[in-house]
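Below is one structure, written out as structure tokens; the observations come after it.
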Amino acid sequence: MNGLKLVSTGSAMPERVLTNEDLTKMVETNDEWITTRTGIHTRHICSQEESHTQLCLAASRQALARSGIAPEEIGVCLVATFTGDHLNPATACVLQKELGLPEDTVCFDLNAACSGFVYALHTAQCLLSAAPRKFGLILGAEVLSRVTDYTDRSTCVLFGDGAAAAVVEWNAEYPSIHAVLGCRGNTEVLYTPGVNTSSPSYIHMEGQPVFRFAVETVPRCISQVLEQAGLTAEDVDHFVFHQANQRIIDLAMRKLHLPSEKCTGNIAHTGNTSAASVPLLLDELVSTGALCSGQRALCVGFGAGLTWGGALLQLK
Ligand code: UT7
38 MNGLKLVSTG SAMPERVLTN EDLTKMVETN DEWITTRTGI HTRHICSQEE
88 SHTQLCLAAS RQALARSGIA PEEIGVCLVA TFTGDHLNPA TACVLQKELG
138 LPEDTVCFDL NAACSGFVYA LHTAQCLLSA APRKFGLILG AEVLSRVTDY
188 TDRSTCVLFG DGAAAAVVEW NAEYPSIHAV LGCRGNTEVL YTPGVNTSSP
238 SYIHMEGQPV FRFAVETVPR CISQVLEQAG LTAEDVDHFV FHQANQRIID
288 LAMRKLHLPS EKCTGNIAHT GNTSAASVPL LLDELVSTGA LCSGQRALCV
338 GFGAGLTWGG ALLQLK
């Protein structure tokens, strides 16, 4: 016990859609390669006028409006990201001001790359148990287009922008989310240089070792969450995978014998949005009515760090 439930979700996507066809005019690639190797058809990209903060605000406002929870009831605000508009203040601090969250709300950004939202859920569960107010506002948000090299075909076809927010509630009677988090430090196969480098700060990824890492880690992480929770895959209504590559999801589904109807994805129209990926899919499942009240979603993220994380979230 001592757990979280998901109260509501919200999301915001930039207006511009970048298609595979558009990318063929920028680098030597083709729709067939991108589609068959990744499952991606389109992704959303911010214009110069759009910002990370704007996306986060829009997603938060939608999630709060859908929850019926007032900003004054939020005790913790966390933003999982590595592409905020500034190194500081944290996006979560800007949200505190713009949304009118109480000044004693714990607000910070968290960088666990594509595992960030799951890390944030676990962090929120720990923090909310000690917070004066029991609702948390948890976001995953990225503007990856700002750190994507659009001359590198091996990465630029993958990434997209977007933000999603979740209002969660902590209660001593709710089941734990049974988070399983892990890290295998690696600065070689997947990284984004920071401010101390002279070269532009673009995402660097060696696809194959990261693919192998994901295929090894994801099924094990799911099994460990289920074991901790004393549940089986049959008890889970939706598996919410980080949308990095449809082939990784298919391999995990096959290994764990998961039915495809429990593994709906949205990679085809979002691309890989790193920390935003899991909550964007959660929002899609909730807003289409696919994830219903009382149902369980097992969220799993993996990515730079290298990190991974899985957690069970029940919709209130
Ligand atoms: O979100 C964080 C976690 N990230 C992941 O989990 C990503 C894991 N990795 C992957 O999803 C895949 O490795 C990629 C989608 C990134 C790449 O797919 P792949 O099947 O591993 O391709 P590859 O890198 O082995 O490249 C195969 C070929 C190469 O050509 P040669 O050497 O065989 O002649 C590449 O140069 O495909 C070529 N290639 C492309 N061709 C057309 C690479 N990118 C492209 C492209 N269009 N965009």
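Here the numbering used here runs 37 ahead of the position in the sequence shown, where the first position is 1. Heads up, the beta-carbon is just placed ideally off N, CA and C, and yes, glycines get one too. Treat the numbers as computed from the prediction; the structure is a model and nothing was measured.
Extent of the continuous beta strand (DSSP E) run through residue i
i: S238; result: Unbroken run through S238: none, as it is neither H nor E.
i: V273; result: Counting along the chain, V273 falls outside any beta strand (DSSP E), and DSSP gives it neither H nor E.
i: Q351; result: 344-352
i: T192; result: Per DSSP, T192 belongs to no beta strand (DSSP E); it is in the alpha helix (DSSP H), 190-193.
i: T46; result: 40-49
i: A161; result: Element bounds for A161: not the beta strand (DSSP E) but the alpha helix (DSSP H), 153-166.
i: R80; result: 79-82
i: E179; result: 172-180
Given residue i as reference, the closest of the options once Cα atoms are compared
i: I259; options: L319, P230, A157, W345; result: W345
i: C151; options: T56, A178, A102, S48; result: A178
i: A149; options: H89, L328, L176, K171; result: L176
i: V180; options: T46, V194, D198; result: D198
i: D59; options: R190, R170, S88, S166; result: R190
i: R80; options: I111, I71, E86; result: I71
i: L218; options: P237, L101, G153; result: G153
i: T301; options: Y187, L335, G173; result: L335
i: D274; options: T160, A327, T254; result: A327
i: N39; options: P108, A167, V54, F250; result: A167
i: Y239; options: Y228, L322, R284, S104; result: Y228
i: A203; options: E321, A216, F278, F250; result: E321
i: V44; options: A102, N67, C220; result: A102
i: A200; options: E52, D287, F248, Q162; result: E52
i: H78; options: T66, G338, H241, E87; result: T66
i: V262; options: G340, C220, G338, L349; result: L349
i: Q99; options: S88, H89, T46, Q91; result: T46
i: L94; options: D141, G121, T188, T73; result: G121
i: E87; options: I111, A312, A49, C130; result: A49
i: F119; options: V131, D141, Q351, D146; result: D146
i: K353; options: S104, R74, H89; result: S104
i: C298; options: N309, I286, A129, T307; result: Cys is not the amino acid found at residue 298; the sequence shown has Glu there. Answer by Cα proximity: I286.
i: T278; options: V232, L288, T61; result: The amino acid at residue 278 is misidentified as Thr; the sequence shows Phe. Minimum Cα distance to F278 is reached at L288.
i: V113; options: R74, C193, H241, H159; result: H159
i: S84; options: F250, V252, A312, R183; result: R183
i: T307; options: V194, G173, D272, I214; result: V194
i: S311; options: R284, F196, H215; result: F196
i: A129; options: V247, L174, L317; result: L174
Residue i CB to nearest heavy atom of the ligand UT7 below 7 Å
i: L195; result: yes
i: N22; result: Limits of the chain in this structure are 38 at one end and 353 at the other, which puts residue 22 out of reach.
i: Q245; result: yes
i: A149; result: no
i: I285; result: yes
i: G359; result: No information on residue 359 is available, as it lies outside the stretch 38 to 353 that the chain covers here.
i: I71; result: yes
i: A270; result: no
i: A201; result: no
i: T66; result: yes
i: F154; result: no
i: T142; result: no
i: A281; result: yes
i: T344; result: no
i: R221; result: no
i: T75; result: yes
i: S311; result: yes
i: A251; result: yes
i: S182; result: no
i: F248; result: yes
i: S191; result: yes
Residue environment, residue i, which counts as buried when at least 16 other CB atoms sit within 10 Å
i: T269; result: exposed
i: H294; result: exposed
i: E225; result: exposed
i: M63; result: exposed
i: A209; result: exposed
i: Q245; result: exposed
i: C329; result: exposed
i: L124; result: exposed
i: A341; result: buried
i: D331; result: One point to set straight first is that residue 331 is Gly, not Asp, in the sequence displayed. So G331 ends up on the exposed side.
i: E264; result: exposed
i: D236; result: What sits at residue 236 in the sequence shown is Ser, not Asp. That one is exposed.
i: S97; result: buried
i: E206; result: buried
i: K134; result: exposed
Residue range of the alpha helix (DSSP H) that includes residue i
i: F283; result: Phe is not the amino acid found at residue 283; the sequence shown has Gln there. That run of the alpha helix (DSSP H) goes 283-293.
i: G199; result: Element bounds for G199: not the alpha helix (DSSP H) but the beta strand (DSSP E), 198-208.
i: I259; result: 244-266
i: I304; result: 304-307
i: L124; result: It is not in any alpha helix (DSSP H) - L124 carries neither H nor E in the DSSP assignment.
i: D59; result: 57-61
i: K93; result: Checking the displayed sequence, the identity of residue 93 turns out to be Cys instead of Lys. 89-104 is the extent of the alpha helix (DSSP H) around C93.
i: G338; result: No alpha helix (DSSP H) holds G338; the beta strand (DSSP E) holding it covers 333-340.
i: I71; result: 68-75
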